[in-house]
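Notes to accompany the following structure.
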Amino acid sequence: MLYLKGDFEKLYKLYYPKMFAFAKNYVPANEDAENIVQDVFLITLGKKGRN
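Take 1 as the starting number for the sequence shown in the UniProt record's numbering and just add one per residue.
If you want it as structure tokens, here you go:
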């Protein structure tokens, strides 16, 4: 399945705030939480593209 840019933006806007808040429970720095969330998106989209 190929993701379109608009699809990614919708997913990002929908899930980023909750994922960021979840990550902040485990790391004190905003930058670290942002990196964790970004990594999760990249890993998830990469796995989805291989199916």
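We treat Cβ as the ideally placed atom computed from N, Cα and C, and that holds for glycine.
### Beta-carbon proximity of Phe-20 to Glu-34, cut-off 9 Å
As a first step, residue 20 must be located in the sequence shown, where it is residue number 20. As a first step, residue 34 must be located in the sequence shown, where it is residue number 34. In contact: Phe-20 and Glu-34 (Cβ atoms closer than 9 Å).
### Query
Secondary structure at Pro-28, three-state DSSP: helix, strand or coil?
By one-based count along the sequence shown, residue 28 stands at place 28. Coil at Pro-28, not helix or strand.
### Query
If we count the other Cβ atoms within 10 Å of its Cβ and call it buried at 16 or more, is Val-27 buried or exposed?
As a position in the sequence shown, residue 27 is number 27, starting the count at 1. In the assembly as shown, Val-27 is an exposed residue. Its beta-carbon has fewer than 16 other beta-carbons within 10 Å.
### Query
Which value, in whole angstroms, describes the spacing of the CA atoms of Leu-45 and Asn-25?
Looking up residue 45 in the sequence shown gives position 45. Looking up residue 25 in the sequence shown gives position 25. Put simply, the backbone Cα of Leu-45 is about 24 Å away from that of Asn-25.
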